[in-house]
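Only one structure is covered here, and it is reproduced in the block below.
Residue numbers (full-length UniProt numbering): 1 to 79.
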C-alpha cells in the first residue's frame with residue numbers, strides 16, 4: 001500500500017484548504033492522509049475544518065513545516 005501524502009508546503013489559504021478538502025473526501029472510513037503544510041494560517045484552517053467533519057486530526061511540528069495526519073472516522077449519521 002502506497003502512502004497517501006498531500007504536500008501543501010508551497011500553497012497558502014484558501015488554496016491549501018481547498019486542496020485538503022478535495023483529497024480528504026476521497027478517503028474511506030479508517031483511511032489516513034498525511035498533509036504537509038508550512039503556512040501557520042493554512043494549518044489552523046485545515047485542522048479546524050477537518051476536526052468539525054468526520055476526521056481525527058493529529059499534528060506534528062517538524063523543522064520548517066507541520067505534518068497533519070488525518071484519519072476518516074464514521075460520521076454520526078453513519079453510526
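All residues carry an ideal CB built from backbone N, CA and C; glycine is no exception.
Residue 56 is not a Cβ neighbour of residue 46, given a cutoff of 8 angstroms.
With fewer than 16 neighbouring CB atoms inside 10 Å of its own CB, residue 26 falls in the exposed class. Contact check for residue 42 against residue 8 passes: the beta carbons are separated by less than 8 angstroms. Residue 20 and residue 70 have their C-alpha atoms some 10 angstroms from each other. Per the coordinates, the alpha-carbon of residue 23 lies some 11 angstroms from the alpha-carbon of residue 50. Beta-bridge partners assigned by DSSP to residue 15: none are found. CA-to-CA, the gap between residue 61 and residue 32 works out to about 18 angstroms.
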